[in-house]
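Undergrad:
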Amino acid sequence: MKEKVKESMQRFSKAMFIPVLILPIAGILIALGNVFTNQRLLEMVPFLDNPFTTGFGSILSSSLVSILGNLGLIFSVGVTVGLAKKEKSVAGFTALLGYLVFVNAMNKFMELSGLLEEAESLQGTGQTLVLGVQILDMGVFLGIILGIVTAYVHNKFIDTDFKGAFQIYGGSRFVFIVLIPVVVTLAVLLTYIWPFFQSGINSLGEFMQRTGNIGIFLYGALERLLIPTGLHHLIYTPFLYTELGGVAEVGGQVFEGARNIYYAEIADPSVSRLSESVIWDARGIAKMFGLIGACLAMYHTAKPENKAKAKAILIPAAFTSFIAGVTEPIEFSFMFVAPLLFVVHAALSGLSMVTLNLLDVRAIGPNGMIDFLLYNVPLGFEKTSWPMFILVGLVFFGIYYIVFRFLITKFNFKTIGREDADQETKLYTKKEYKEKKAQGEKGTHPVPQGDTGMADVIVNALGGADNINTVTNCYTRLRLTLKQPELVDEATLKNETGANGVIVNDQNVHVVYGLQVSNIRKDVDNYLGIEEAE
Numbered sequence: 001m002k003e004k005v006k007e008s009m010q011r012f013s014k015a016m017f018i019p020v021l022i023l024p025i026a027g028i029l030i031a032l033g034n035v036f037t038n039q040r041l042l043e044m045v046p047f048l049d050n051p052f053t054t055g056f057g058s059i060l061s062s063s064l065v066s067i068l069g070n071l072g073l074i075f076s077v078g079v080t081v082g083l084a085k086k087e088k089s090v091a092g093f094t095a096l097l098g099y100l101v102f103v104n105a106m107n108k109f110m111e112l113s114g115l116l117e118e119a120e121s122l123q124g125t126g127q128t129l130v131l132g133v134q135i136l137d138m139g140v141f142l143g144i145i146l147g148i149v150t151a152y153v154h155n156k157f158i159d160t161d162f163k164g165a166f167q168i169y170g171g172s173r174f175v176f177i178v179l180i181p182v183v184v185t186l187a188v189l190l191t192y193i194w195p196f197f198q199s200g201i202n203s204l205g206e207f208m209q210r211t212g213n214i215g216i217f218l219y220g221a222l223e224r225l226l227i228p229t230g231l232h233h234l235i236y237t238p239f240l241y242t243e244l245g246g247v248a249e250v251g252g253q254v255f256e257g258a259r260n261i262y263y264a265e266i267a268d269p270s271v272s273r274l275s276e277s278v279i280w281d282a283r284g285i286a287k288m289f290g291l292i293g294a295c296l297a298m299y300h301t302a303k304p305e306n307k308a309k310a311k312a313i314l315i316p317a318a319f320t321s322f323i324a325g326v327t328e329p330i331e332f333s334f335m336f337v338a339p340l341l342f343v344v345h346a347a348l349s350g351l352s353m354v355t356l357n358l359l360d361v362r363a364i365g366p367n368g369m370i371d372f373l374l375y376n377v378p379l380g381f382e383k384t385s386w387p388m389f390i391l392v393g394l395v396f397f398g399i400y401y402i403v404f405r406f407l408i409t410k411f412n413f414k415t416i417g418r419e420d421a422d423q424e425t426k427l428y429t430k431k432e433y434k435e436k437k438a439q440g441e442k443g444t445h446p447v448p449q450g451d452t453g454m455a456d457v458i459v460n461a462l463g464g465a466d467n468i469n470t471v472t473n474c475y476t477r478l479r480l481t482l483k484q485p486e487l488v489d490e491a492t493l494k495n496e497t498g499a500n501g502v503i504v505n506d507q508n509v510h511v512v513y514g515l516q517v518s519n520i521r522k523d524v525d526n527y528l529g530i531e532e533a534e
């Protein structure tokens, strides 16, 4: 049972990536629109102060802010697509239909039961308008719940076939037929059940607020500690997109969640100072500065004969963390060889968030320096205090460097460049691999079509094509389920395919490749002959 629950959480975490990774694009474009309407910038660059550019910026911000008001629908479709095992596009369409049925079913039931509030403003009533329909305010949780339910029904009944006159009602049509009574029943039940959950969520949010810096520290540390499990997204997502991260009224509209409030506030020129809720999204110090200090410490403590190799590995990893906020290549370089360093890293990450809160900094940088510059600099010092964010980052760069260097030398941790002779880690280039392959040293599985890169080495290191049940990926990891996980050859995956880490958890296997994982996933799919990505 424990393993089944863990596997379900892993699958759910992967499904959450579909909506979560799209939303930052909307945020960046909102920030870009704000650039064209920022009065200070227009004074500095007069030629931008014209109806075309300011109008474009205003339209861009206003149109994308509307996404924040429909997160339930976005998560419903995204989670369903992520959890669907086949015919994902059909599953997404069914999720849309189910969402519409649910919203109107709940509204009608509440109307018949006399539960609808009749107030000019629904704020504080526990109800809200969703797609213009008044229902209970479930926020993004509504989308998550409906996404799980729709995916379950879809997976269970998508292969149902009928014969004769009823043949037309099989497959996706039967899924929708089954889904209708399920969704209507769910709408009725949640009308009575959700207020209790809402009370619990409110209590948790109040607890996090009451504990202040202690709660912030625990949040920041736990978000890093769950990296090995791949479940860290389940920590920060509720704070970014639900009322756990705060509730604020911006421009006459109520927004829930730190990220949603931030996007709304940067798009509203009347907001002179961002709200305190932004602290839940201020996770960038460790990514942009701290781990860079850790990399420098690992380089300086590497053996003299291995410094060139350490530099070749650490510089790209550090650059990726600083620019794009992708930390796993660095974290997996010491996570297993020196677990103490990872615990210290998690603690320092939480401490950096506490420091920003104590200094009343309102800048964010969750995805590296590019996001940091786009989001914060155009807003000015008054709105974000972004120069203080950089100052705190530089301080933590020094702290990470000193602490990591001390611990590495004190305990003789075998970090990059300090490995024993029989533990050498080499990251082969694609050219080197092809040369070795031509010599017959690697590759026992024929490439079925096109250029599949190192896919055959990856597949063979995972126990062969017959050992692989499913293949998916997230932002940095190739995620698989295997029949016999004990067949995984970690050394080959790390040494010959450039994997930064390998996690084997029952039948779930994660191979960390960083930002290039999407291309690797395509190569593996192509090699295995998978036409539709799971």
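373 is the number that full-length UniProt numbering gives to position 373 of the sequence shown; each next residue is one higher, with no gaps.
Cβ coordinates follow ideal geometry from the N, Cα and C atoms, glycine included.
What are the residues that DSSP puts in a beta bridge with His510?
TA: For the purposes of this step, residue 510 is taken as the residue at position 510 of the sequence shown. Arg479 and Ile503, per the DSSP bridge assignment.
Undergrad: Based on the DSSP output, what are the partners of Leu129 in its beta bridges?
TA: On the sequence shown, residue 129 is found 129 positions in, with the first residue counted as 1. According to DSSP, Leu129 bridges with Gln134.
Undergrad: Work out the CA separation of Leu348 and Ile285 for me, nearest whole Å.
TA: Mapped onto the sequence shown, residue 285 falls at position 285. Mapped onto the sequence shown, residue 348 falls at position 348. Using only the alpha carbons, I get a separation of about 9 Å.
Undergrad: Whose C-alpha, out of Leu131, Gly114, Ala84 and Ser58, is nearest the C-alpha of Leu73?
TA: Within the sequence shown, numbered from 1, the residue matching residue 73 stands at position 73. For the residues Leu131, Gly114, Ala84 and Ser58, the minimum Cα distance to Leu73 belongs to Leu131.
Undergrad: In the DSSP assignment, what residue or residues form a beta bridge with Arg468?
TA: To locate residue 468, count along the sequence shown from 1; it is residue 468. In the sequence as presented, Arg is not what sits at residue 468; that position holds Ile. The partner list for Ile468 (beta bridge, DSSP) reads Leu482.
Undergrad: Take Phe332 and list the residues in its own chain whose beta-carbon comes closer than 8 Å to its own, dropping the five residues that flank it on each side.
TA: Locating residue 332 in the sequence shown gives position 332, where the first residue counts as 1. Result list for Phe332: Asn500, Gly501 and Val512, in chain order.
Undergrad: Helix or strand or just coil, what does DSSP make of Val247?
TA: Translated into positions along the sequence shown, residue 247 becomes position 247. Three-state result, Val247: strand.
Undergrad: What residue range does the alpha helix (DSSP H) around Glu223 cover?
TA: Stepping through the sequence shown from its first residue, residue 223 is reached at position 223. Glu223 -> alpha helix (DSSP H) spans Asn213 to Leu225.
Undergrad: Please name the residue or residues paired with Phe255 in a DSSP beta bridge.
TA: As a working mapping, residue 255 is identified with position 255 in the sequence shown. Its beta-bridge partners are Ala248.
Undergrad: Distance check for Ile364 and Thr355, CA to CA, integer angstroms please.
TA: As a position in the sequence shown, residue 355 is number 355, starting the count at 1. As a position in the sequence shown, residue 364 is number 364, starting the count at 1. The alpha-carbon atoms of Thr355 and Ile364 are separated by roughly 13 Å.
Undergrad: Throw me the rounded Cβ distance for the Val344 and Lys414 pair, which I believe falls under 8 Å.
TA: Counting from 1 along the sequence shown, the entry for residue 344 is found at position 344. Counting from 1 along the sequence shown, the entry for residue 414 is found at position 414. The Cβ separation is near 16 Å, so there is no contact.
Undergrad: Can the beta-carbon of Ala95 be found closer than 7 Å to that of Ala187?
TA: As a first step, residue 95 must be located in the sequence shown, where it is residue number 95. As a first step, residue 187 must be located in the sequence shown, where it is residue number 187. No; because the gap between Cβ atoms is not below 7 Å, this pair is not in contact.
Undergrad: Which of the three DSSP states, helix, strand or coil, is assigned to Asn412?
TA: Position 412 of the sequence shown, counted from the start, is the residue given in the question as residue 412. In the structure shown, Asn412 sits in coil (DSSP, three-state: anything other than H, G, I, E or B).
Undergrad: In the DSSP assignment, what are the bridge partners of Asn473?
TA: Along the sequence shown, read from residue 1 onward, the residue named residue 473 stands at position 473. Asn473 pairs with Leu478.
Undergrad: Grab me the residues of Phe141's own chain with a C-beta within less than 7 Å of its C-beta, minus the 5 sequence neighbours each way, in chain order.
TA: Position 141 of the sequence shown, counted from the start, is the residue given in the question as residue 141. Excluding sequence neighbours, Phe141 sits near Thr242.
Undergrad: Using 10 angstroms around the beta-carbon of Phe404, count the other beta-carbons present and answer buried if the total reaches 16, otherwise exposed.
TA: Your numbering for residue 404 matches position 404 in the sequence shown. Classification of Phe404: buried, given that the 10 Å Cβ count is 16 or more.
Undergrad: Just reading off the alpha helix (DSSP H) that Tyr169 is part of, what are its end residues?
TA: Mapped onto the sequence shown, residue 169 falls at position 169. Neither: Tyr169 is in no alpha helix (DSSP H) and is coded neither H nor E.
Undergrad: Within 8 Å, do at least three Cβ pairs link the stretch 172-183 to the stretch 83-100?
TA: With the cut-off at 8 Å, the stretch 83-100 and the stretch 172-183 touch.
Undergrad: Mark Leu394 as exposed unless 16 or more other C-beta atoms lie within 10 angstroms of its C-beta, in which case mark it buried.
TA: Along the sequence shown, one-based indexing puts residue 394 at 394. Per the 10 Å Cβ criterion, exposed.
Undergrad: Across the stretch 456-468 and the stretch 482-489, are there enough close Cβ pairs to call them in contact, namely three or more that are closer than 8 Å?
TA: The stretch 456-468 is in contact with the stretch 482-489.
Undergrad: Which first and last residues belong to the alpha helix (DSSP H) in which Ala105 is found?
TA: As a working mapping, residue 105 is identified with position 105 in the sequence shown. Here the alpha helix (DSSP H) through Ala105 covers Lys88 to Leu112.
Undergrad: Measure how close the beta-carbons of Ser277 and Ala248 come, nearest whole angstrom, since I'm counting them as under 8 Å.
TA: Indexing the sequence shown from 1 puts residue 277 at position 277. Indexing the sequence shown from 1 puts residue 248 at position 248. So it is a contact: roughly 7 Å between Cβ atoms.
Undergrad: If you compare alpha carbons, which of Asp525, Ile503 and Asn519 is closest to Val459?
TA: As a working mapping, residue 459 is identified with position 459 in the sequence shown. The option with the nearest alpha carbon to Val459 is Asp525.
Undergrad: When burial is assigned at 16 or more other CB atoms within 10 Å of the CB, is Thr476 buried or exposed?
TA: As a working mapping, residue 476 is identified with position 476 in the sequence shown. Looking at its Cβ environment, which holds 16 or more other Cβ atoms inside 10 Å, Thr476 is buried.
Undergrad: Look at the alpha carbon of Arg283 and the alpha carbon of Val77, and state the distance between them as a whole number of angstroms.
TA: Here residue 283 corresponds to residue number 283 of the sequence shown, with the count starting at 1. Here residue 77 corresponds to residue number 77 of the sequence shown, with the count starting at 1. Looking at the two C-alpha atoms, the distance is approximately 27 Å.
Undergrad: State the start and end residues of the unbroken alpha helix (DSSP H) segment that holds Glu496.
TA: Here residue 496 refers to the residue found at position 496 when the sequence shown is read from its first residue. Segment Glu490 to Thr497, the alpha helix (DSSP H) holding Glu496.
Undergrad: With C-beta atoms as the reference, is Ile67 less than 7 Å away from Ala26?
TA: As a working mapping, residue 67 is identified with position 67 in the sequence shown. As a working mapping, residue 26 is identified with position 26 in the sequence shown. Cβ distance < 7 Å, so Ile67 and Ala26 count as in contact.
Undergrad: Since Ala258 and Gly246 should fall inside the 8 Å C-beta cutoff, what is the C-beta to C-beta distance between them, to a whole number of angstroms?
TA: Locating residue 258 in the sequence shown gives position 258, where the first residue counts as 1. Locating residue 246 in the sequence shown gives position 246, where the first residue counts as 1. With 8 Å as the limit, Ala258 and Gly246 qualify as a contact, their Cβ atoms being about 6 Å apart.
Undergrad: Can you name the start and end residues of the alpha helix (DSSP H) that Ile158 belongs to?
TA: Taking the sequence shown and counting its residues from 1, the one referred to as residue 158 is at position 158. Note, Ile158: premise wrong, no alpha helix (DSSP H); not H, not E.
Undergrad: Quick one: does Ile145 have its CB under 7 Å from some CB of chain B?
TA: Absence of chain B from the displayed structure is noted, only one protein chain being present.
Undergrad: Note down, in chain order, each residue of its chain lying with its Cβ closer than 8 Å to the Cβ of Pro195, except the 5 sequence neighbours on either side.
TA: As a working mapping, residue 195 is identified with position 195 in the sequence shown. Excluding residues within five positions, the ones whose Cβ falls inside 8 Å are Gly126 and Leu136.
Undergrad: Taking Gly293 as the reference, give the member of Leu487, Val271 and Ser321 with the closest Cα.
TA: Here residue 293 refers to the residue found at position 293 when the sequence shown is read from its first residue. Measuring from the Cα of Gly293, the nearest candidate turns out to be Ser321.
Undergrad: With a 10 Å radius around its C-beta and 16 neighbouring C-beta atoms as the bar for buried, classify Ile193 as buried or exposed.
TA: As a position in the sequence shown, residue 193 is number 193, starting the count at 1. So Ile193 ends up on the exposed side.
Undergrad: Tell me which residue opens and which closes the alpha helix (DSSP H) that Arg521 is part of.
TA: To locate residue 521, count along the sequence shown from 1; it is residue 521. Val517 to Leu528 is the extent of the alpha helix (DSSP H) around Arg521.
Undergrad: DSSP state of Pro366, grouped into three classes?
TA: On the sequence shown, residue 366 is found 366 positions in, with the first residue counted as 1. If DSSP states are grouped into helix, strand and coil, Pro366 belongs with coil.
Undergrad: According to the neighbour-count rule (16 or more other Cβ atoms, all chains shown, within 10 Å of its Cβ), is Tyr169 buried or exposed?
TA: Counting from 1 along the sequence shown, the entry for residue 169 is found at position 169. Looking at its Cβ environment, which holds fewer than 16 other Cβ atoms inside 10 Å, Tyr169 is exposed.
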